[in-house]
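Working notes for the structure below.
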Amino acid sequence: MIFPEEYKHVGVCRTGDDRTDRVYFLSRYLVCQHDSGWRLYSVRSSEKPILTHVDSLELIADTHEIIWYDEKLNIKNRRLLIETAARLCSGEITTVIFTGIDEHITFIHRPDTDCIRTIQVLDIEPPLPWLADCIRRLDNSGLFSDLEIRFEEKITDLHRFQGKDTVFPCCCSGLEGQFLDSDLITRKKVTLIGCEISDSIFRSRYPDKEYTRRSFCPFSCDLVTPDSEFIARCCRKEMCGPAVINGYRGRVVHWGATEYEIAEAVRELAMEMNNEKDCSN
Numbered sequence: 001m002i003f004p005e006e007y008k009h010v011g012v013c014r015t016g017d018d019r020t021d022r023v024y025f026l027s028r029y030l031v032c033q034h035d036s037g038w039r040l041y042s043v044r045s046s047e048k049p050i051l052t053h054v055d056s057l058e059l060i061a062d063t064h065e066i067i068w069y070d071e072k073l074n075i076k077n078r079r080l081l082i083e084t085a086a087r088l089c090s091g092e093i094t095t096v097i098f099t100g101i102d103e104h105i106t107f108i109h110r111p112d113t114d115c116i117r118t119i120q121v122l123d124i125e126p127p128l129p130w131l132a133d134c135i136r137r138l139d140n141s142g143l144f145s146d147l148e149i150r151f152e153e154k155i156t157d158l159h160r161f162q163g164k165d166t167v168f169p170c171c172c173s174g175l176e177g178q179f180l181d182s183d184l185i186t187r188k189k190v191t192l193i194g195c196e197i198s199d200s201i202f203r204s205r206y207p208d209k210e211y212t213r214r215s216f217c218p219f220s221c222d223l224v225t226p227d228s229e230f231i232a233r234c235c236r237k238e239m240c241g242p243a244v245i246n247g248y249r250g251r252v253v254h255w256g257a258t259e260y261e262i263a264e265a266v267r268e269l270a271m272e273m274n275n276e277k278d279c280s281n
């Protein structure tokens with residue numbers, strides 16, 4: 001796959017333009033209009049001065065291999081462009097040229113969706129799965145558009161544990177059951193849904209009560225585990241940061257992490273993944 005890191009590396013030469021043997025010194029590729037359509041070339045030049053002489057041109061894609069996408073997109077969103085180009089490239093078509101909403105031009109030659117890495121988002125509900133909701137909003141804003149990543153949510157729905165013999169950590173969930181933060185637990189045998197902190201509080205308050213526990217802590221969860229790189233949240237600050245769970249690396253943020261902290265954790269993990277990908281190529 002060829003997908004320029006920056007659109008400043010892509011020059012455009014249209015029919016009727018004043019054509020010389022010089023190009024802008026940052027141009028690595030030229031999209032040239034001909035009578036029969038568009039051709040794509042790679043450019044070699046000396047890079048100095050600002051308008052530099054072309055040393056050589058190499059044809060990457062000919063007119064019958066190229067289509068120009070007719071909708072303007074956010075061309076900084078690399079995942080969007082790769083997935084769009086992959087849908088369009090079939091038969092003879094190997095290359096898609098895109099126009100940005102800011103009128104800049106870029107292209108993808110032989111798109112490869114395998115380069116888009118998946119980050120799993122581990123969360124629970126109810127109440128609102130804050131981590132998953134936050135990442136959705138950040139992703140929709142374009143904050144991760146340069147990273148070539150997608151998100152897969154693995155959200156544990158606590159509704160399935162509702163019941164008179166179930167104890168949940170806090171009443172804000174609105175679930176049917178008892179709550180460690182507001183109720184006096186009187187039933188003889190209960191199931192506690194919670195992490196190690198909930199377990200410690202329960203044992204401290206009810207040292208003689210018989211109970212079983214189902215954990216949703218990412219480090220001891222028996223409800224869901226990651227099967228790719230991941231991001232999760234934990235109420236213990238000392239556990240936050242880089243982590244390996246079920247053999248997969250990820251990032252753990254605090255239960256009350258801000259959008260900034262979550263975005264920073266995602267970007268750190270994605271950069272690690274991309275650096276590894278670059279080293280393996």
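Every letter in the sequence shown is one number past the one before it in UniProt numbering, and letter 173, counting from 1, is 173.
By construction, the Cβ of each residue, glycine as well, lies at the ideal position given by its N, Cα and C atoms.
Per-residue burial, residue i [other beta carbons within 10 Å of its own, 16 or more giving buried]
i	result
residue 41	buried
residue 246	exposed
residue 275	exposed
residue 269	buried
residue 29	buried
residue 140	exposed
residue 195	buried
residue 25	exposed
residue 250	buried
residue 111	buried
Proximity winner among the options, relative to residue i (alpha-carbon distances)
i	options	result
residue 60	193, 71 and 108	108
residue 217	200, 78, 235 and 202	235
residue 74	135, 7 and 49	7
residue 105	82, 31, 124 and 44	31
residue 49	22, 36 and 39	22
residue 142	205, 116, 207 and 76	76
residue 160	144, 182 and 126	126
residue 232	51, 256 and 168	256
residue 91	253, 2 and 67	67
residue 1	95, 14, 13 and 102	95
residue 89	65, 72 and 100	65
residue 55	153, 45 and 86	45
Counterpart residues of residue i in DSSP-defined beta bridges
i	result
residue 42	29 and 58
residue 138	Paired residues: none, contrary to the question.
residue 159	Note: residue 159 sits in no beta bridge, so no partner.
residue 179	168
residue 73	100
residue 22	53
residue 191	166 and 212
Assumed close pair residue i, residue j - CB separation to whole angstroms, cut-off 8 Å
i	j	result
residue 122	residue 230	6 Å
residue 78	residue 148	5 Å
residue 27	residue 120	Wrong, their Cβ atoms sit about 40 Å apart, outside the cutoff.
residue 173	residue 158	6 Å
Sequence ranges, beta strand (DSSP E) only - wholly within the stretch 236-274, length at least 3: 241-245 and 248-254
Which parts of the stretch 193-224 are runs of the alpha helix (DSSP H), unbroken and 4 residues or longer, counting only runs that do not cross its ends? 196-205
Taking only runs of the alpha helix (DSSP H) that begin and end inside the stretch 77-150, which ones reach a length of at least 4 residues, in chain order? 78-88 and 130-140
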